[in-house]
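S.K.: FYI, the working numbering numbers position 35 of the sequence shown as 35, with every residue one higher than the one before it.
Idealized CB from N, CA, C, for every residue including glycine.
Dropping a structure here in structure tokens format, bear with me for questions.
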Amino acid sequence: MGVDPLSPIAPARLRALLLPVGKIKRSRFLSFAARLQAENVVRLGDISPDGRPNRSRHCRSAP
1 MGVDPLSPIA PARLRALLLP VGKIKRSRFL SFAARLQAEN VVRLGDISPD
51 GRPNRSRHCR SAP
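As structure tokens, then:
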């Protein structure tokens, strides 16, 4: 039996489309793409919270 993807404790999954923008050589773009593919897991503890006061994570309009 697998992990329920809709569970609130299941890992979040994100798909991203990586596109070259501007004048970039194919080899350089592919090197960046390879680096991103190697880092396919980001732990929540590795992400710094946004300290700006206007970037609250809670909805102020919620009761």
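Please name the residue in 40, 4, 10, 33 whose C-alpha comes closest to that of residue 20.
M.R.: Here the closest residue by C-alpha is 33.
S.K.: Please report the straight-line C-alpha distance between residue 35 and residue 54, rounded to a whole angstrom.
M.R.: Straight-line Cα distance between these residues: approximately 32 Å.
S.K.: Starting from the Cα of residue 15, find the closest Cα among 27, 46, 41 and give me that residue.
M.R.: Checked all of 27, 46, 41; the closest Cα to residue 15 is 41.
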